[in-house]
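Undergrad: This is the structure, below, for whatever I ask next.
Residue numbers (our numbering): 16 to 254.
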């Protein structure tokens with residue numbers, strides 16, 4: 016099972032497309048004892064540590080070390096604290112980008128963030144890029160591919176407004192990155208910083224809460240249908 020744990024809700028960025036609602040970006044953080052209990056409960060073979068922004072959590076390395084006793088660990092980051100990410104000990108580092116150069120700083124609302132992302136990508140062999148594709152940033156994706164030809168680029172269509180299928184086909188034709196191949200529902204489980212259980216980090220359907228009703232949450236998870244978000248067009252298996 017692939018477990019995604021959003022260890023914190025807090026994030027210094029101001030992304031317009033963020034799936035975590037601004038009103039929920041309070042200072043909620045899963046502490047180490049609770050994090051360990053989640054791992055014991057799920058028994059995952061693959062763990063993704065995300066947020067919010069994991070690099071603002073003081074003891075990120077401790078979360079990574081504990082998770083590595085269960086399986087491979089990926090940290091998802093906007094590189095706000097680049098050195099902390101590099102020193103986290105994660106097996107893989109997923110760098111979130113959605114534009115190129117200063118345009119990325121403007122999109123995220125943090126001056127100098129682009130340079131921090133470049134620093135992480137250039138100083139790690141285990142890093143890759145996750146690019147949020149919209150109808151207005153296709154050229155940025157081309158620039159990224161040219162700048163980082165040896166880095167894997169995962170291309171995720173922007174969730175709320177969607178992306179023209181023509182752009183998705185161009186990504187495939189030009190070999191600019193890897194598009195999502197199939198719906199992850201039932202193959203991954205998401206635990207938020209508030210201990211809510213979700214089927215997907217993008218589709219924020221609350222199935223239950225680990226404190227309030229864990230049995231109900233897991234029962235709903237087992238019975239969820241494919242494409243619960245109704246966005247089949249996002250997956251290349253449908254082309």
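Ideal Cβ placement from N, Cα and C applies to all residues, glycine included.
#1: Determine the DSSP secondary structure at residue 95, reduced to helix, strand or coil.
#2: Determine the DSSP secondary structure at residue 74, reduced to helix, strand or coil.
#3: Extract the residue ranges of the beta strand (DSSP E) inside the segment 135 to 185, only unbroken runs of 3 or more that lie entirely within it.
#4: Can you grab the Cα-Cα spacing for the pair residue 27 / residue 125, in whole Å?
#5: Looking at the unbroken beta strand (DSSP E) that takes in residue 63, where does it start and where does it end?
#6: For the beta strand (DSSP E) containing residue 21, list its first residue and its last residue.
#7: Return the chain-ordered list of same chain residues with a C-beta closer than 6 Å to the C-beta of residue 210, the five sequence neighbours on each side being excluded.
#8: Starting from the C-beta of residue 118, find all residues in its chain whose C-beta is less than 7 Å away, skip the five residues before and the five after it, and write them out in chain order.
#9: The alpha helix (DSSP H) that contains residue 53, what's its start and end?
#10: If I measure Cβ to Cβ from residue 194 and keep anything under 7 Å in the same chain, skipping five residues before and after, which residues do I get?
TA: According to the structure shown:
#1: Reduced to three states, the DSSP call for residue 95 is coil.
#2: coil
#3: 142 to 148, 168 to 172
#4: 8 Å
#5: 61 to 65
#6: 17 to 21
#7: 224, 225, 226
#8: 155
#9: Element bounds for residue 53: 47 to 57.
#10: By the criterion of a C-beta distance shorter than 7 Å, residue 194 is surrounded in its chain by 170, 183, 186, 187, 251, once the five residues flanking it on both sides are discounted.
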